[in-house]
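In UniProt numbering, the protein residues as written are 1 to 252.
One structure below.
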């Protein structure tokens, strides 16, 4: 899910105002209950508040639903003792789905972070509170193209600890931010990181981004049950990893 995708004002490469981000048709704020086709039981259904007042990331986006369903169906037990980070989280749909439906330890060393720009912070925190997952999920401000928060990228002096899992849904939306998104992915994806990257194709520029992403990373289409149905709707899901032979110091 996408918020207003502008970099920080200090970024000299692309000083993009949030006012320039295309807005979607306004709809009233609302709260819904989501089971992802019964992948979550009603007793643990995700409660999602949507609010477009602070930006277009405040609502549910289609690739977010696809990625959330995929994680619940195929990674229910594989995220234990992992550090998970969602970028461009908006209201936090994908990360919250993982926190509710996957076996996730949520210790201090292995936490789930949902991140976006400042305008989305209150909404992320609200959704964390409504789903009672504050013990294992934390909302952070993270502007693409800026250094990752210390909690996300831990530097021990000799080594850098990258997230184990990066979640990115519907981050391909506003073309001027594409270089910043690539830079951010380069910062986050370490030798053992797997990024699950899901997007809905809306224009030709979106596929140019995918081509650029394939130049920089090892990118593989994910095979899953509803893949053909989703692709007919223009939604694509990939594994993104560091290319073999690429060191963390050289990848950027």
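Using N, Cα and C, we set each Cβ at its ideal position, and we do this for glycine too.
> Which residues in the same chain have their Cβ closer than 6 Å to the Cβ of residue 164, if we skip the five residues on either side of it in sequence?
Replying inline: 82 and 83
>> Using the three-state DSSP reduction, which class does residue 206 fall into: helix, strand or coil?
In response: helix
> Can a CB atom of chain B be found closer than 7 Å to the CB of residue 124?
Replying inline: The structure shown contains no chain B, having only a single protein chain.
> What does a CB cutoff of less than 8 Å around residue 70 pick up in its chain, not counting 5 residues either side in sequence?
Replying inline: Cβ contact annotation for residue 70 (same chain, cutoff 8 Å, sequence separation greater than five): 196, 198, 222, 224 and 237, in chain order.
>> Looking at the secondary structure, which residues open and close the alpha helix (DSSP H) in which residue 70 lies?
In response: 62-74
>> Less than 7 Å between the C-beta atoms of residue 47 and residue 130, yes or no?
In response: yes
> How big is the Cα-Cα spacing for residue 240 and residue 167?
Replying inline: In this structure, the alpha-carbon of residue 240 lies about 10 Å from that of residue 167.
> Identify the residues that DSSP records as bridge partners of residue 197: which are they?
Replying inline: 168 and 238
>> What does the alpha-carbon distance come out to for the pair residue 136 and residue 109?
In response: 10 Å
> Do three or more CB pairs link the region 174-190 to the region 134-154 at distances below 8 Å?
Replying inline: yes
>> Could you pull the DSSP bridge partners for residue 31 from this structure?
In response: For residue 31, which the question treats as bridged, DSSP gives the partners 49.
>> Once DSSP output is grouped into helix, strand and coil, what is the label at residue 160?
In response: strand
>> Can you tell me where the beta strand (DSSP E) holding residue 86 begins and where it ends?
In response: Run containing residue 86: 84-87, per the beta strand (DSSP E) assignment.
> Do you know how far the Cα of residue 216 is from the Cα of residue 295?
Replying inline: No statement about residue 295 is possible, as the shown extent of the chain runs from 1 to 252 and does not include it.
> With burial defined as no fewer than 16 other Cβ atoms inside 10 Å of the residue's Cβ, what is the status of residue 132: buried or exposed?
Replying inline: exposed
> Taking C-beta to C-beta, are residue 170 and residue 63 nearer than 7 Å?
Replying inline: yes
>> If the criterion is Cβ atoms closer than 7 Å, does the pair residue 115 and residue 93 meet it?
In response: For residue 115 and residue 93, no; Cβs fall outside 7 Å.
> Taking all protein chains shown into account, do 16 or more other C-beta atoms lie within 10 angstroms of the C-beta of residue 80, making it buried, or fewer, making it exposed?
Replying inline: Exposed, by the Cβ-count rule.
> residue 227: which of 107, 45, 73 and 157 sits nearest, CA to CA?
Replying inline: 73
>> For residue 33, count the other beta carbons within 10 Å of its own beta carbon; 16 or more makes it buried, fewer makes it exposed. Which is it?
In response: exposed
>> I believe residue 42 touches residue 35 by the beta-carbon criterion, under 8 Å. Please report the beta-carbon distance rounded to the nearest angstrom.
In response: Between residue 35 and residue 42 the Cβ distance is about 6 Å, and since that is below 8 Å, they are a contact.
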